[in-house]
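So the protein sequences, as listed, match chains A and B.
One point on numbering: in our numbering, the residue at position 30 of the first sequence is 401, and numbering is uninterrupted.
One point on numbering: in our numbering, the residue at position 444 of the second sequence is 460, and numbering is uninterrupted.
Backbone N, C-alpha and C define an ideal beta-carbon position, used for all residues, glycine too.
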Amino acid sequence: MPITDRELCRETIRRTLRQRAKDTSDALSIATATSEIWLLMSAQLTPVIGGNGVDAILRRSLYLVSAAFPWLTSPDEHVDHESLPVRISVRFAGRDSVVVEQASCSFLITFTELLATLIGNSLTRRLLASVWVAAPPVVEQEKIS
Amino acid sequence: MSQKVGIARLATGVPGLDAILGGGVPEFSLNLIVGAPGCGKTTLAHQLMFAMATRKRPALFFTALGEPAMKMLRYQQQFSFFDPDKINESIRFVSLGEDVANGAFAQVLKRIAHEVEKVAPALVFVDSFRSVMLEAQHQSEGPGSQQQFIQQLGMQLLGWETTTFLIGEYASPTSPPPIFTMADGLMSLEQSVFRNSMVRKIQIMKMRGQATRPGMHTFRITDEGVVVFPAVDVRDDPSRGTLARPRERTQKRLAMGVPRLDEMMGGGLPSGYSLLVAGPSGSGKTILATAFLVEGVRRGEPGVIVAFEQTPSQSRTRTIDDLVRAGSIGLINTRSLDLSMDEVIQHLITLIDRMKATRVVIDSLSGFELAVAPTFREDFRESLFRMIAALSNLGVTVLMTSELEDRYNDLRFSPYGSAFLTDAIIVQRYVEVKSCLKRVMAVVKVRASVHSNELREFEIDDGGIVIGETLSEYGGMLSGSPALTPVSSANAQDRP
Numbered sequence: 372m373p374i375t376d377r378e379l380c381r382e383t384i385r386r387t388l389r390q391r392a393k394d395t396s397d398a399l400s401i402a403t404a405t406s407e408i409w410l411l412m413s414a415q416l417t418p419v420i421g422g423n424g425v426d427a428i429l430r431r432s433l434y435l436v437s438a439a440f441p442w443l444t445s446p447d448e449h450v451d452h453e454s455l456p457v458r459i460s461v462r463f464a465g466r467d468s469v470v471v472e473q474a475s476c477s478f479l480i481t482f483t484e485l486l487a488t489l490i491g492n493s494l495t496r497r498l499l500a501s502v503w504v505a506a507p508p509v510v511e512q513e514k515i516s
Numbered sequence: 017m018s019q020k021v022g023i024a025r026l027a028t029g030v031p032g033l034d035a036i037l038g039g040g041v042p043e044f045s046l047n048l049i050v051g052a053p054g055c056g057k058t059t060l061a062h063q064l065m066f067a068m069a070t071r072k073r074p075a076l077f078f079t080a081l082g083e084p085a086m087k088m089l090r091y092q093q094q095f096s097f098f099d100p101d102k103i104n105e106s107i108r109f110v111s112l113g114e115d116v117a118n119g120a121f122a123q124v125l126k127r128i129a130h131e132v133e134k135v136a137p138a139l140v141f142v143d144s145f146r147s148v149m150l151e152a153q154h155q156s157e158g159p160g161s162q163q164q165f166i167q168q169l170g171m172q173l174l175g176w177e178t179t180t181f182l183i184g185e186y187a188s189p190t191s192p193p194p195i196f197t198m199a200d201g202l203m204s205l206e207q208s209v210f211r212n213s214m215v216r217k218i219q220i221m222k223m224r225g226q227a228t229r230p231g232m233h234t235f236r237i238t239d240e241g242v243v244v245f246p247a248v249d250v251r252d253d254p255s256r257g258t259l260a261r262p263r264e265r266t267q268k269r270l271a272m273g274v275p276r277l278d279e280m281m282g283g284g285l286p287s288g289y290s291l292l293v294a295g296p297s298g299s300g301k302t303i304l305a306t307a308f309l310v311e312g313v314r315r316g317e318p319g320v321i322v323a324f325e326q327t328p329s330q331s332r333t334r335t336i337d338d339l340v341r342a343g344s345i346g347l348i349n350t351r352s353l354d355l356s357m358d359e360v361i362q363h364l365i366t367l368i369d370r371m372k373a374t375r376v377v378i379d380s381l382s383g384f385e386l387a388v389a390p391t392f393r394e395d396f397r398e399s400l401f402r403m404i405a406a407l408s409n410l411g412v413t414v415l416m417t418s419e420l421e422d423r424y425n426d427l428r429f430s431p432y433g434s435a436f437l438t439d440a441i442i443v444q445r446y447v448e449v450k451s452c453l454k455r456v457m458a459v460v461k462v463r464a465s466v467h468s469n470e471l472r473e474f475e476i477d478d479g480g481i482v483i484g485e486t487l488s489e490y491g492g493m494l495s496g497s498p499a500l501t502p503v504s505s506a507n508a509q510d511r512p
């Protein structure tokens, strides 16, 4: 079965999160990794689409992801690209690491795909290229498997 | 020592723009791109940036838009010039939106300075600069402060050795803001809607140190971005490069492809002449034009036809279609109703150059008038004059057809009063003889050449136009109802 661009992109995001979390499975490491990835994404995007633009996609992404992970959002809480890392630490703390990893991946994937819907795949790839961890070379992949 | 400062000009990459700018944008200049919302300022700015930016000549694009930068990027990507691979390599976007909304002039200036020092760009774009200005007014810093800001920014940008483009919606040219005075270049864009057609125009109001092409020039926004159609200047020195190289008029005469017509014209149509073929509907103008092109192909003289008919397959002969398909002649066929004359001329010149054409047919002027946007119809005659002059500069021989109502109380050649513009005229008419409609043709004028002054009867058969003899027995031909001359009448009575 051919692997689509979208699947590759999702796999890249999962791989980046795992590597940043150093393959540990505790919620704190995943929260830290998510925050680090977010800071890199935000740094790449705010100059181009502005802080308000990033915030608009961020809020929409959290809204969409909260259908599966309602604990990620709270109706009264204001969130923007600068306050997100603190919010992630608070929200992820004490939760099951598997659920936290799923929520984190889901959020990062939703944000990226939403961005791509708005500004196109190629520009999204271009802007966020430095954020993601590249796939290991084929030989190494084979060795691993 | 009096050596002049050499100013390099940057090619803009926008088709037709360098021609009206006078060679490109001066390096290290401060330029304004102004116009009402929706007239294409941001598209032009992006196109300039993507064309001009390279790794060695990086660009910084500051967005301080009323609309979100995200929307701008979304829509600009639809154009073929938008190359995502250049983003963050030779092109960097910097959003000033929050600084503009929250800060003051000083803060914005500081931010621009910081980014410019960091990236050291050769090209700087600020879109929209007016957003910055308006926000400053809200911050109550006053017009004095604005001017100060503009002067500071202008000086800084000059010091940074950048070529700068400020994009904005500046309202009244009668009370121009101070930035207009400071700017080295000023490009004004506008769009006007008249009836159901929309026309875009660009004017280079200022470009220091170089001779720009004055006046308004039409442009179109296509999938490739902005395409400018420089207005043909009839005073032009063709060597300036807006028109293709001029070809010398020769003593050569071109065969018309209709037996006996060359003889009527005094040996054919002189090369480089413009010929008007006028006549009522169905009189055979297109057939004559076709014969002219076919004869050209036969003699190795490629041609181009510009057709403006709504149903070309019906009105053009199959012969033309076959020759177009075979690549022997070029065809410009448009049913668009919002063209400008300059756009047509531009396409025509390109095709003439590509085909190395020496014969051009415009069929017909009536269709042409309908195809141009209503706003240009008032100037149709003047535009026609410019077109003929442009084609004359190229040295091609032009045949234009003109639909004419048959009037039997005057002798008219064109509803556009364009007869004097052309070097030669052939007129076709219907006359009634013995309750039959007959066609007659006359060569009215061939400048600086002897020609027949006879009204010849002609017929159209499967092979084309067949020119016969004069209807010498009849007089009053132009009245539409010729009568037998007295001599002919007497002879007729004498006959048994």
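Roughly how many angstroms lie between the CA atoms of residue i and residue j, to the nearest whole one?
i, j, result
"Ser-329(B)", "Ile-49(B)", "At Ser-329(B) the pLDDT is 49, less than 50, meaning the model places this residue with poor confidence; the figure from the coordinates comes in the next sentence. One C-alpha to the other measures close to 44 Å."
"Val-419(A)", "Gly-22(B)", "36 Å"
"Gly-39(B)", "Met-223(B)", "11 Å"
"Gln-267(B)", "Ser-287(B)", "7 Å"
"Val-471(A)", "Phe-463(A)", "6 Å"
"Met-221(B)", "Val-360(B)", "24 Å"
"Ala-199(B)", "Ala-67(B)", "22 Å"
"Thr-350(B)", "Asp-337(B)", "15 Å"
"Ile-481(B)", "Arg-472(B)", "12 Å"
"Leu-479(A)", "Leu-433(A)", "10 Å"
"Ile-408(A)", "Leu-388(A)", "8 Å"
"Phe-396(B)", "Asp-376(A)", "54 Å"
"Arg-497(A)", "Val-457(A)", "27 Å"
"Ser-413(A)", "Pro-42(B)", "37 Å"
"Thr-306(B)", "Ile-345(B)", "11 Å"
"Leu-494(A)", "Lys-102(B)", "10 Å"
"Leu-420(B)", "Ile-442(B)", "12 Å"
"Gln-226(B)", "Leu-37(B)", "8 Å"
"Phe-109(B)", "Met-86(B)", "11 Å"
"Thr-180(B)", "Glu-382(A)", "42 Å"
"Ala-373(B)", "Thr-238(B)", "27 Å"
How would you list, in chain order, the residues of chain B whose beta-carbon sits under 8 Å from the beta-carbon of residue i?
i, result
"Thr-417(A)", "Ser-111"
For residue i, go through chain B and note every residue whose CB falls closer than 9 Å to its CB, in chain order.
i, result
"Gly-422(A)", "Ser-111, Gly-113, Glu-114"
Would you list the residues sitting across from residue i in a DSSP beta bridge?
i, result
"Glu-490(B)", "Note that residue 490(B) corresponds to Tyr in the displayed sequence, not to Glu. For Tyr-490(B), which the question treats as bridged, DSSP gives the partners Leu-500(B)."
"Leu-453(B)", "Glu-448(B)"
"Thr-306(B)", "None; Thr-306(B) has no bridge partner."
"His-233(B)", "Ile-218(B)"
"Lys-461(B)", "Ile-441(B)"
"Asp-376(A)", "Asp-376(A) is not bridged to any residue."
"Ile-378(B)", "Val-322(B), Met-416(B)"
"Arg-472(B)", "Met-457(B), Thr-486(B)"
"Asp-477(B)", "Gly-480(B)"
"Thr-238(B)", "Gly-241(B)"
"Arg-108(B)", "Leu-76(B)"
Starting from the beta carbon of residue i, find every residue of chain A whose beta carbon is closer than 7 Å, and list them in chain order.
i, result
"Met-86(B)", "Ile-420, Gly-424, Leu-489, Ile-490"
"Ile-103(B)", "Leu-494, Arg-497, Leu-498"
"Pro-100(B)", "Ser-493, Leu-494, Arg-497"
Under the assumption that residue i contacts residue j (Cβ atoms under 8 Å), give the Cβ distance between them as a whole number of angstroms.
i, j, result
"Phe-210(B)", "Pro-390(B)", "5 Å"
"Leu-411(A)", "Val-502(A)", "5 Å"
"Gly-113(B)", "Thr-79(B)", "7 Å"
"Thr-405(A)", "Ser-454(A)", "Not quite, the Cβ-Cβ distance comes to about 14 Å (not below 8 Å), so this is no contact."
"Ala-52(B)", "Glu-185(B)", "6 Å"
"Met-281(B)", "Val-459(B)", "5 Å"
Measure from the C-beta of residue i to each C-beta in chain A and report whether the shortest distance is under 8 Å.
i, result
"Gln-93(B)", "yes"
"Leu-89(B)", "yes"
Can residue i be considered in contact with the ligand FMN, in the sense that its beta carbon sits closer than 7 Å to one or more heavy atoms?
i, result
"Leu-443(A)", "Of the ligands one can find in the structure shown there are none, so the ligand FMN has no counterpart to examine."
Does residue i get closer than 8 Å to chain B when you measure Cβ to Cβ?
i, result
"Ser-432(A)", "no"
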